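Taken in order, the sequence shown gives residues 2 to 290; the numbers are from the working numbering.
Even glycine gets a Cβ: it sits at the ideal position worked out from N, Cα and C.
Given the structure is predicted, the values throughout are model-derived calculations rather than measurements.
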Amino acid sequence: MSDSDPRPFDFREIAALDDAAVAFRNWVSKSSSFFSDFWSETSDYAAQLTLGDISTNSYSKAIESLSREVNYSIVDFVDYTPSMWHASNKDLRTIALAMLGLDDGPDVGDDALSPVEISLSQLFIEQLAIALVDGWMGDTAFELKPSALKLDPRKARFVRDKDLVTCTSVKIGLKSGAVGINWLLSKQKTSDLLESAVDNRGDDASPSEPQSASPQLVGRLPIDVVSVLGQATLPMSQLSDLQVGQLIELDQRIDQPVTAFVNETLFYEGWPGRRGKNQAIEITRCLHS
């Protein structure tokens, strides 16, 4: 399949499209200048930070493919929520060598880190945490405290296996190329935190700004919208004994849009999501015309 060919939309990728994701990217981008202050003291150039792709998955799925040789650190948003950074030996060794001014050499191996490389990697993630705190522009104040590096992130449990996590990475631009520190965060708590950094000034116009009503807006009419998310076969005994946190699996795939009925009339297909603090649906096909 070429880049120009259409492909099914993975619902998990919607995490990269909302306002919170934009705030996340802006946060890392702003933190880059603070990180460069540290990096310029250890090398002869300023390394830039960027945020990698953003997706959503269950915690068990996010860590199941990781090797026991992967290094990880539990990074605590103090008084808020824990998260996890993890990286391969190769990426951490590349960072450690760059800190020593040796990032112009041949490709490095993926064997176990030496004590010196572990020490330099620990210093790096601590400085990265400081830069991210300095670059934070939201209303909620916090500290980022990374734990000591350990092996095998599959042993770490900062959320439940079934909980959703935001999966992304912080990319560091080095002379030898970009390397990444992968980042797993609690989906809901991270979204709540990033909401405080979302710029919603465009949502509410200033009283001094002239406003004109849409000529098509004749009133606010109550509309009953029903979105069909799929079907599930449930016995009556289960319906009478539902528990908080129970998972009900539907037959609709996540790469299929929802179908909506307006006043009992089949109306459109779309993808559910949100914009800022409001629920939203992106319309992909109108069915009523």
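Simplified DSSP assignment, three categories, for residue i
| i | result |
| --- | --- |
| G174 | strand |
| Q253 | coil |
| G136 | helix |
| F268 | strand |
| P283 | Contrary to the premise, residue 283 reads as Glu rather than Pro in this sequence. Looking at E283 - three-state DSSP - the assignment turns out to be strand. |
| R276 | strand |
| S182 | For the record, residue 182 in the displayed sequence is Ile; it is not Ser. Strand. |
Cβ-Cβ distance between residue i and residue j below 8 angstroms
| i | j | result |
| --- | --- | --- |
| V79 | L129 | no |
| V259 | L230 | yes |
| A132 | E118 | no |
| T169 | L243 | no |
| L185 | A24 | no |
| N72 | N58 | no |
| R69 | R155 | yes |
| G136 | S32 | yes |
| I126 | W86 | yes |
Rounded C-alpha distance that separates residue i from residue j
| i | j | result |
| --- | --- | --- |
| I173 | P116 | 22 angstroms |
| D153 | S30 | 29 angstroms |
| L195 | A21 | 5 angstroms |
| C295 | S37 | No information on residue 295 is available, as it lies outside the stretch 2 to 290 that the chain covers here. |
| P83 | V109 | 31 angstroms |
| T234 | D164 | 23 angstroms |
| D256 | L150 | 37 angstroms |
| Q49 | V180 | 11 angstroms |
| S192 | K278 | 10 angstroms |
Neighbour-count burial assignment, residue i, 16 or more Cβ in a 10 Å radius
| i | result |
| --- | --- |
| V166 | buried |
| V76 | buried |
| D204 | Residue confidence is low: D204 scores 46 on pLDDT, short of 50, so the model does not pin down where it sits. No coordinate-derived value is stated. |
| M100 | buried |
| R94 | buried |
Closer than 8 angstroms to chain D by CB, residue i
| i | result |
| --- | --- |
| D193 | Although the question refers to chain D, the structure presented lacks it and comprises just one protein chain. |
Cut-off 6 angstroms between Cβ atoms - residues of its own chain near residue i, not counting five sequence neighbours on either side
| i | result |
| --- | --- |
| T285 | P258, E270, G271 |
Same chain, Cβ closer than 7 angstroms to residue i, five either side skipped, listed in chain order
| i | result |
| --- | --- |
| D92 | V180, G181 |
Beta-carbon contacts of residue i that lie in its chain and below 8 angstroms, excluding the five residues immediately before and after
| i | result |
| --- | --- |
| K176 | Y46, A99, D104, D105 |
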